[in-house]
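Notes follow once the structure below has been shown.
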Amino acid sequence: MKPAAFKYFRASTTEEALQHLEAHPGSKVLAGGQSLVPLMNFRLSRPEVLVDINGVDELNRLSVEGGEVRIGALVRHQQLAESVDVARAVPVLSTAAQHIGHWAIRNRGTIGGSVAHADPASELPAALVALNGSVVLRSAAGERRLPADEFFQGFFNTALQDGDLIVELRIPVSKSRFGFSEVVRRPGDFALVGAYIERAGSSGAVTWFGLSGRPERLPVDAWPQGESDRRALLERLVGALPVDESEDYKRAMAVNVAERAYHQAEGEK
Amino acid sequence: MAEVLRPQMMGARVSRLEDPRLLSGQARFLDDIQVPGMLEVAFVRSPHAAAKILSVDVEAARHLPGVYAVMTHQECPVMLWNKESYKVGQPALADGEVAFVGQPVVAVIAENRYIAEDAAELIRVEYQAITPVLDMRDAIQEKPRRVHEHAENVFFKKSRQTPGFDEAFAAASHHLTASFRTNRQTAVTMEPRGTAAMLDAASGRLTVYASTQSPHRMREDICNLLDIPEHLVRIIVPEVGGGFGMKAACYPEDVVVAQAALRYRKPVKWISDRLESLESDVHARDDIHDVEVAFDDDGKIIAIKDHLMADGGAYPAYPWSGAEGETGLAARVLTGPYDIPYLATDIDCTYSNKTPLGSYRGVWGPIASFIQEGLVDRVARHLNLDPADVRRRNMIRKEQFPYRNAARMIYDEGSYLESMEEALKLIGYEDFRKRQAVLRQQGRYVGVGISVFVEPTAMASSEAGEVGYESCTIRIEPSGRVTAAFGLGPSGQGHETTMAQLLADQLGVPLADIVVLHGDTDSAPYGGGTGGSRSGPIGGGAALVAGRQMRERLIKYAAHLLEAGEDDIELGDGKAWVAGVPDRSLTIRTIAQTAYMDVSKIPEGLPIGLEITGRYLPKRPVTFSNGTHIAEVEVDVHTGVVKVTRYAVANDCGRVINPTIVEGQIHGGVAQGIGAAVLEALRYDEDGQLVTTSLLDYLLPESTDVPRIDVHHIETPSEGEGGIKGMAEGSLIAAPAAVACAISDALAPFGGMVDTLPVTPDMVLKMVQDR
Ligand SMILES: Cc1cc2nc3c(=O)[nH]c(=O)nc-3n(C[C@H](O)[C@H](O)[C@H](O)COP(=O)(O)OP(=O)(O)OC[C@H]3O[C@@H](n4cnc5c(N)ncnc54)[C@H](O)[C@@H]3O)c2cc1C
Chain A
1 MKPAAFKYFR
11 ASTTEEALQH
21 LEAHPGSKVL
31 AGGQSLVPLM
41 NFRLSRPEVL
51 VDINGVDELN
61 RLSVEGGEVR
71 IGALVRHQQL
81 AESVDVARAV
91 PVLSTAAQHI
101 GHWAIRNRGT
111 IGGSVAHADP
121 ASELPAALVA
131 LNGSVVLRSA
141 AGERRLPADE
151 FFQGFFNTAL
161 QDGDLIVELR
171 IPVSKSRFGF
181 SEVVRRPGDF
191 ALVGAYIERA
201 GSSGAVTWFG
211 LSGRPERLPV
221 DAWPQGESDR
231 RALLERLVGA
241 LPVDESEDYK
251 RAMAVNVAER
261 AYHQAEGEK
Chain B
1 MAEVLRPQMM
11 GARVSRLEDP
21 RLLSGQARFL
31 DDIQVPGMLE
41 VAFVRSPHAA
51 AKILSVDVEA
61 ARHLPGVYAV
71 MTHQECPVML
81 WNKESYKVGQ
91 PALADGEVAF
101 VGQPVVAVIA
111 ENRYIAEDAA
121 ELIRVEYQAI
131 TPVLDMRDAI
141 QEKPRRVHEH
151 AENVFFKKSR
161 QTPGFDEAFA
171 AASHHLTASF
181 RTNRQTAVTM
191 EPRGTAAMLD
201 AASGRLTVYA
211 STQSPHRMRE
221 DICNLLDIPE
231 HLVRIIVPEV
241 GGGFGMKAAC
251 YPEDVVVAQA
261 ALRYRKPVKW
271 ISDRLESLES
281 DVHARDDIHD
291 VEVAFDDDGK
301 IIAIKDHLMA
311 DGGAYPAYPW
321 SGAEGETGLA
331 ARVLTGPYDI
341 PYLATDIDCT
351 YSNKTPLGSY
361 RGVWGPIASF
371 IQEGLVDRVA
381 RHLNLDPADV
391 RRRNMIRKEQ
401 FPYRNAARMI
411 YDEGSYLESM
421 EEALKLIGYE
431 DFRKRQAVLR
441 QQGRYVGVGI
451 SVFVEPTAMA
461 SSEAGEVGYE
471 SCTIRIEPSG
481 RVTAAFGLGP
491 SGQGHETTMA
501 QLLADQLGVP
511 LADIVVLHGD
521 TDSAPYGGGT
531 GGSRSGPIGG
541 GAALVAGRQM
551 RERLIKYAAH
561 LLEAGEDDIE
571 LGDGKAWVAG
581 VPDRSLTIRT
591 IAQTAYMDVS
601 KIPEGLPIGL
611 EITGRYLPKR
621 PVTFSNGTHI
631 AEVEVDVHTG
641 VVKVTRYAVA
651 NDCGRVINPT
661 IVEGQIHGGV
671 AQGIGAAVLE
681 ALRYDEDGQL
691 VTTSLLDYLL
701 PESTDVPRID
711 VHHIETPSEG
721 EGGIKGMAEG
731 SLIAAPAAVA
741 CAISDALAPF
751 GGMVDTLPVT
761 PDMVLKMVQD
771 R
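Residue numbers (this note's numbering), protein chains in the order written: chain A, 1 to 269; chain B, 1 to 771.
Below you can see the structure in the form of structure tokens.
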């Protein structure tokens, strides 16, 4: 469980990081290391060059401005969970952040890393999709902004290209009410299945994660008032998702967590 | 003479002497051993469950800069187990075939572990895969094939039944059948396994640092397997970060490291990583029991019939097969604390293409308790009786001790019924039933599970080997300070504290004046090591025997030097004095000075110096601890997730040496029991690949999974030295059953009962939907 040999650069500005990424095709960004380092130790990932961005202070900003929450790529999960501004602007994001791993993990893990890693069972990528957020990428060629729905493409698969650095996530402050719920076997685990529910008046959406290869946001034109109708609707929606045949448990759970999230959303704000 | 009241160390809540170094990060574990020029080992392990090895090409690896040597079976032609014991033995490095994923095939020895792993990747092993044998029931039928061509799959078979069983079974008015399954687990010590070995150039002796529970046993194994005489080998056991029976074995890696040090005359170290731990530490608990129970209208159980099966893995673990241990003892203690007169057992242990089964804390017990308590609950539910009442009706009573069970095991005295009543009080059983009914109305499902256990301890033979005694060498130095050496192999139990407590009382010296030594075969007297809950009763017994002998000698000195009768001498606080005349006293230091420096004053008939080795062999081949665990759980019937919410324990391990340490043992065992009940399982896929290869997949209990645990102590002394009984396994023997029974109780409205461990969320949902 030792990584294969690699070269290591430590950047102190975004520009410097981009230069290294440009100069070394196939290089990887090292952020919190909570996902990358285990993979390297298993030798499942063997980058020849690591570009450490932990010294890039400008990536560590968190603000709510212009109707948007702007979260720098290097913001740690724990910062997100503790931010009063975030709790006020998008409460469900604070709630979700508190469900990521344990304190020690949250102290290291970054939101950029979580989004780049794109584990289908992780909370933040799904939050980004549920909240209609977007990902700001920068490369030597310039900056571009991708809606979350386009960014996440499948199982651990994103629109990130060689040389791209995630610099920021942006989440619009919305009038909708949101709810979050997940099933874990132990507190702090990756979700077996999780759901975000949006209630915008009588309509809204459900976003599931842990169910298929990527977070899936499905719009709902009108939320049924009765529980059994709502469950029937949710069941229909799950049925349309590409869930593995063998995942009976997850399918059954999907409806239950969505239902719980629905009630959560009722309580929000 | 009136007994003088003096603070007794035995029974006191003494803080562990080990803790300051452990908590401040000063303890030295195996991986802290650094010697100039030390080489490190990485193993190439089998990626196949079963395959012939067609070729091994190590050339590229050998030429990688920094690589010192590459070893295959040729360089280390050692077999674990000689052919007489079993028909099969595991070669230290694979010889022409592999039989489980993770089996060591080639060892790379390099300047450091990074290079060793780089080189390991360059080794080309050509395999021809063969159909793996993975299903226990099939394997017993020799299907799909034999694991080892020349040996039947069933390597241990034993049948036993109480005379008159068939008639009694047939005559009973009720019968139930059930099949119980426990899934593979492993101990997952916080510190993984590891070994370092080096030759002492001056003496030519081999020093082996080993993370083991049995220093002398390890020396014997290394000597026998590598054919070196014992006096040329020294085993040193540094701090051990958990053993749980898993470190009682001698592993292929231990042999390879020692062989490498001998062959290349270099210091060599290997430390396991977590992946290696999960695939190559001995596994445990891979058992199926097909059971029938016969009982009368009142819930009195008359007879149990059990077909015990265990999947022993590819080879018998060395030097102790866990499959044999799990089934062999389960068959003898299957009736637990209950007076069940008839028992019939058939055992089949089979080979498979999985990791060898060895010992894990509790060995047979967690499985047997799961079955025994599961049966009692089934009887209760069948007759619509209260589970506590059915237990009361069947419990062995005080007047029956010493009790001979249906498998002819003799139980010494315990507090079976008392412990259950005590635990029921702690959990508030009557009140709970009311709460349960109310919560059910609200759609919440809570349950309690009662697990009354017996724990055979201090056995003449166990996974710690066949050494039934323990030794203690006490040396009082000229300063009056004491060292006491044991052959034990603690891995966190606190022996340095408990043994010192026992000695302090005997020698009349403060705890701070005693240092307990262990884990070095050059200084420790021969002993069996730690395993099978033997260190407290047998090691403690040795401390008491040696301590008493030393005490007698100190008294002789004091009587002589103070010119008083031996009967009038008292010891305490580092001094000896004449009873009732505290002024006529001298210090232990003065006695020690006399014994070493002023030898003309030594009383007649006494030897020079203060050094004694005492040994203790219990008269009984086993002493039984007992107790009751009660778990309260809440089952979320929508997600299938189980939460253990409350927990009570009434524990009887005879005279308690240190309640804090006993409680610590219980807390740890309960945590592991919760893991066994709802989380931990090693899973193989249909190709025999282990799929739980990290702690992301092999789920251990975390602090948030373990509730507060109320512990009540009952003391029914054993007949052995000090009245001590062992206690390190009882908590893990009892806990899985307590949690499993609690889940069954919570889900009673749905009709099902737990028959498989761990109980996973999807299993719970099935139980809920199967209504
Ligand atoms: C025990 C444990 C439990 C966990 N539990 C959870 C959980 O419950 N939920 C959850 O969501 N996560 C969980 N995680 C994962 C954790 O959230 C990680 O921190 C996260 O997935 C990755 O973030 P990181 O900063 O550590 O990224 P790293 O490990 O440093 O990098 C991960 C990947 O992202 C890339 N990357 C990182 N930053 C950037 C960037 N700015 N631009 C481009 N690429 C980038 C890296 O190159 C790498 O490929 C857990 C981790 C552990 C170890």
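Glycine is no exception: its CB is placed at the ideal position from the N, C-alpha and C atoms.
Since this is a predicted model, take the numbers as computed values, not measurements.
{"Query": "Under 8 Å by beta carbon: chain B residues contacting Val-183 of chain A", "Result": "Thr-639, Val-641, Pro-761"}
{"Query": "Close-in-space but distant-in-sequence residues of the same chain around Thr-716 of chain B (CB under 7 Å, 5 per side omitted)", "Result": "Glu-413, Gly-414, Ser-415, Asp-652, Gly-654"}
{"Query": "Reduced DSSP category for Glu-477 of chain B - H, G, I as helix; E, B as strand; rest coil", "Result": "coil"}
{"Query": "Pro-125 of chain A vs Pro-215 of chain A beta-carbon contact at 8 Å", "Result": "yes"}
{"Query": "Cβ contact check for the segment 23-37 of chain B and the segment 89-102 of chain B: 3 or more pairs under 8 Å", "Result": "no"}
{"Query": "Reduced DSSP secondary structure (H/G/I, E/B, other) of Tyr-596 of chain B", "Result": "helix"}
{"Query": "Euclidean distance between Cα positions of Leu-488 of chain B and Gly-726 of chain B", "Result": "14 Å"}
{"Query": "For Ala-577 of chain B, the three-state DSSP class (helix, strand or coil)", "Result": "Reading off the sequence shown, one finds Trp at residue 577 of chain B, where the question assumed Ala. Note: Trp-577 of chain B maps to strand in three-state DSSP."}
{"Query": "Sufficient close CB pairs (3 or more, under 8 Å) joining the segment 270-289 of chain B to the segment 70-84 of chain B", "Result": "no"}
{"Query": "Rounded straight-line distance, which links the Cα of Ser-114 of chain A to that of Leu-511 of chain B", "Result": "53 Å"}
{"Query": "is_contact[Ala-252 of chain A, chain B] using C-beta, thresh 8 Å", "Result": "yes"}
{"Query": "Interface flag, Asp-705 of chain B vs chain A, CB-CB below 8 Å", "Result": "yes"}
{"Query": "Simplified DSSP state of Val-37 of chain A, which is helix, strand or coil", "Result": "helix"}
{"Query": "Buried/exposed call for Gly-528 of chain B, threshold 16 Cβ in 10 Å", "Result": "buried"}
{"Query": "8 Å Cβ cutoff, Val-429 of chain B in contact with chain A", "Result": "The residue asked about is misnamed: residue 429 of chain B is Tyr in this sequence, not Val. Not closer than 8 Å to any Cβ of chain A, the Cβ of Tyr-429 of chain B fails to qualify, so no."}
{"Query": "Three-state secondary structure assigned by DSSP to Ala-178 of chain B", "Result": "strand"}
{"Query": "Rounded C-alpha distance that separates Pro-316 of chain B from Ala-139 of chain B", "Result": "15 Å"}
{"Query": "Cβ of Tyr-342 of chain B within 8 Å of any chain A Cβ", "Result": "no"}
{"Query": "C-alpha distance - Asp-770 of chain B paired with Gln-436 of chain B, whole-angstrom precision", "Result": "22 Å"}
{"Query": "Cβ-based burial, Thr-131 of chain B [other Cβ within 10 Å; buried from 16]", "Result": "exposed"}
{"Query": "Within-8 Å CB hit, Leu-122 of chain B to chain A", "Result": "no"}
{"Query": "Cβ-heavy atom distance, Ala-116 of chain A to ligand 1, below 7 Å", "Result": "yes"}
{"Query": "Contact list for Lys-2 of chain A against chain B, beta-carbon separation under 7 Å", "Result": "Arg-113, Tyr-114, Glu-117"}
{"Query": "Whether Val-641 of chain B touches Pro-761 of chain B by CB criterion (8 Å)", "Result": "yes"}
{"Query": "is_contact[Pro-187 of chain A, chain B] using C-beta, thresh 8 Å", "Result": "yes"}
{"Query": "Proximal residues to Glu-266 of chain A (C-beta, below 6 Å), its chain only, five neighbours per side dropped", "Result": "none"}
{"Query": "Backbone secondary structure at Gly-720 of chain B - three-state DSSP", "Result": "coil"}
{"Query": "8 Å Cβ cutoff, Tyr-196 of chain A in contact with chain B", "Result": "no"}
{"Query": "For Val-4 of chain B, the three-state DSSP class (helix, strand or coil)", "Result": "The predicted model places Val-4 of chain B with a pLDDT of 48, which falls under 50 and marks its position as unreliable; any figure quoted below should be read in that light. DSSP places Val-4 of chain B in coil when its eight states are reduced to three."}
{"Query": "Under 9 Å (Cβ pairs) to chain A, residues found in the segment 678-694 of chain B", "Result": "Val-678, Leu-679, Thr-693, Ser-694"}
{"Query": "First and last residue of the uninterrupted alpha helix (DSSP H) at Met-772 of chain B", "Result": "Outside the displayed span of chain B (1 to 771) sits residue 772 of chain B, for which this structure offers no information."}
{"Query": "Check whether Val-56 of chain A and Leu-74 of chain A have beta carbons under 8 Å apart", "Result": "yes"}
{"Query": "Segment contact flag, the segment 621-639 of chain B with the segment 307-327 of chain B, C-beta cutoff 8 Å, min 3 pairs", "Result": "no"}
{"Query": "Three-state secondary structure assigned by DSSP to Ser-212 of chain A", "Result": "coil"}
{"Query": "Distance, Ser-122 of chain A Cα to Ala-195 of chain A Cα", "Result": "11 Å"}
{"Query": "As assigned by DSSP and simplified to three states, the class of Thr-72 of chain B", "Result": "coil"}
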